[in-house]
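Asker:
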Amino acid sequence: MKLSRRRFIQTTSQSIAAGILAGVPAGWAGGAYADDSPETPDIRFGIIALTDCASIVMAHELGYFKKFGVRSVISKEASWAAIRDKLSLGENQATHMLIGMPFASTMGLAGSPVKPMVIPWLINRNGQAITLKNELKGVVKTPKDLKPLVDRAKAAGSPMTFAMTFPPGTHAMWTRYWLGAGGINPDRDVNLITIPPPQMVANMKVGKMDGFCVGEPWNYRAIIDKVGFTVITTQQMWRDHPEKVLAFTEDFAAKNPKTVRAILKAMHLASVYIDKMENRKHVADVVSRPTYINCPPDIILTRLMGKYDYGDGRQEQDPYYMVFSQRDANYPQKTFGLWWLTQFRRWGMVKSAPDYQGIVKRVMRPDLFLDAVKQMGVATTNFPDMQTQKFFDGGVFDPKEPEKYALSFAVHSRPV
32 MKLSRRRFIQ TTSQSIAAGI LAGVPAGWAG GAYADDSPET PDIRFGIIAL TDCASIVMAH
92 ELGYFKKFGV RSVISKEASW AAIRDKLSLG ENQATHMLIG MPFASTMGLA GSPVKPMVIP
152 WLINRNGQAI TLKNELKGVV KTPKDLKPLV DRAKAAGSPM TFAMTFPPGT HAMWTRYWLG
212 AGGINPDRDV NLITIPPPQM VANMKVGKMD GFCVGEPWNY RAIIDKVGFT VITTQQMWRD
272 HPEKVLAFTE DFAAKNPKTV RAILKAMHLA SVYIDKMENR KHVADVVSRP TYINCPPDII
332 LTRLMGKYDY GDGRQEQDPY YMVFSQRDAN YPQKTFGLWW LTQFRRWGMV KSAPDYQGIV
392 KRVMRPDLFL DAVKQMGVAT TNFPDMQTQK FFDGGVFDPK EPEKYALSFA VHSRPV
């Protein structure tokens, strides 16, 4: 068959183009991986002024979100309730959250309207504490030391007051667990109030509470301001416990899988960066800015480096300081979700045994985590899960028997 000049040029051009395209990866178009482009590139991230917002902030500041096609905006919110509401309403598309909050929203507990949420990423482990007012220094070292004081105050009609940051959140559960270990019922023996993290120290200064539980840097700030001391850190209560998470609504994650993947890739890079100790001074300098935590960088850096002055004469270099990527910190273990549901059950936040397995499967999303990190060269086998967890009071949680564990506590608020 004789080719016309035009046909020859067309055929040759197509052959050359085909040859070129055969040599590039699938999905490549115009210099970008088209199949990896985020469906929703403009993402607003909610944060609270706490040291553990650092991986979101650093992913933004270091250009990691941009690297994966996400145009990020960081929105500092006033409270955890605002964090929940802005994610639920779509004002923020991703957010810094206490691990218990997505469960409470999915289940419609503790004043949360029903809004299913997912956890594909744990932001950090460790790094919170319980602070007591200075008047208790030398008097209270354990929750059992506190019990006679609580009993006297209750009998006098002026119960002691303790603050946490959000009812279904981590600080509430650490406070409840610690008090319960001393035979104190947080729902009957004391007043348990909600205060946003940055307001804890100011409220203690004016005598509003006897103690509080919050994340850093506010526990150390209380020591620097000479209003309180750290009675116990949360890593002393439960070594390498889960803390904050990166959460999305279930609907957003379902409709935007490539966006979620891009965000998690950026979070991986930021988390690894933060866990190189030589970078932590830079991290503290950045997150200390008024836009983020609004606190002197030295106050943030001290405990970020594992240097603990408890404010009562104790000092140590804590090997279990706040971590952002070490020891499989980011993997959303089912174990942690199951433990949270046992505490909802223990404290009467649910009236009967919850669907432990079904709820955890819906909220904890290791599939989304693995989808992202495998593209970053992270081995995706042998992540730990369903392992027993040990607590400072001798308690042991077997995730295979959550209801048995939930019913095992002498101090509880379950319906009788």
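Here the sequence shown stands for residues 32 to 447, where the numbers follow my numbering. Glycine included, C-beta positions come from ideal geometry on N, C-alpha and C.
Hey, out of 221, 446, 423, 399, whose CA is closest to residue 212's CA?
Answerer: Ranking the options by Cα distance to residue 212, first place goes to 423.
Asker: Among 118, 79, 407, 209, which one has its Cα closest to the Cα of residue 226?
Answerer: Nearest C-alpha to residue 226: 79.
Asker: According to the Cβ coordinates, are residue 143 and residue 280 closer than 8 Å?
Answerer: Their beta carbons are not under 8 Å apart, which means residue 143 does not touch residue 280 by this criterion.
Asker: Counting along the chain, where does the alpha helix (DSSP H) carrying residue 95 start and finish?
Answerer: From DSSP, the alpha helix (DSSP H) with residue 95 extends over 95-98.
Asker: Look up residue 214 in the DSSP assignment and say whether it is helix, strand or coil.
Answerer: If DSSP states are grouped into helix, strand and coil, residue 214 belongs with coil.
Asker: State the Cα-Cα distance for the pair residue 52 and residue 67, rounded to the nearest angstrom.
Answerer: Low local confidence applies: a pLDDT of 38 at residue 52 is under 50, so the model's placement there is unreliable, with the coordinate-based value given in what follows. The alpha-carbon atoms of residue 52 and residue 67 are separated by roughly 18 Å.
Asker: Taking its Cβ as the centre, do 16 or more other Cβ atoms sit within 10 Å of residue 417, making it buried, or is it exposed?
Answerer: Result: exposed.
Asker: List the residues that DSSP assigns as beta-bridge partners of residue 269.
Answerer: Residue 269 is not bridged to any residue.
Asker: Classify residue 334 as buried or exposed, calling it buried when 16 or more other Cβ atoms lie within 10 Å of its own Cβ.
Answerer: Residue 334 comes out buried.
Asker: Taking its Cβ as the centre, do 16 or more other Cβ atoms sit within 10 Å of residue 317, making it buried, or is it exposed?
Answerer: With 16 or more Cβ atoms within 10 Å of its Cβ, residue 317 is classed as buried.
Asker: For my contact list, residue 133 and residue 245 are in at a C-beta cut-off of 8 Å; report their separation, rounded to the angstrom.
Answerer: Going by Cβ atoms, the distance from residue 133 to residue 245 rounds to 20 Å, so no, they are not a contact pair.
Asker: Which residues in the same chain as residue 354 place their Cβ atom closer than 7 Å to its Cβ, once the five residues preceding and following it in sequence are excluded?
Answerer: Here the set comprises 155, 156, 157, 306, 360.
Asker: Do you know how far the Cα of residue 247 is from the Cα of residue 439?
Answerer: Cα to Cα, the separation comes out at about 31 Å.
Asker: Could you name the residues of the same chain whose beta carbon sits closer than 7 Å to that of residue 390, not counting the 5 residues immediately before and after it, in chain order?
Answerer: Excluding sequence neighbours, residue 390 sits near 134, 137, 138, 372.
Asker: Taking all protein chains shown into account, decide if residue 164 is buried (16 or more other Cβ within 10 angstroms of its Cβ) or exposed.
Answerer: Answer is buried; the Cβ neighbour count reaches 16.
Asker: Determine the direct distance from the alpha carbon of residue 199 to that of residue 435, and round the result to whole angstroms.
Answerer: Approximately 21 Å between the Cα atoms of the pair.
Asker: Thinking just about the alpha-carbon of each residue, which of 347, 370, 289, 392 is nearest to the one in residue 99?
Answerer: It is 289 whose Cα lies nearest to the Cα of residue 99.
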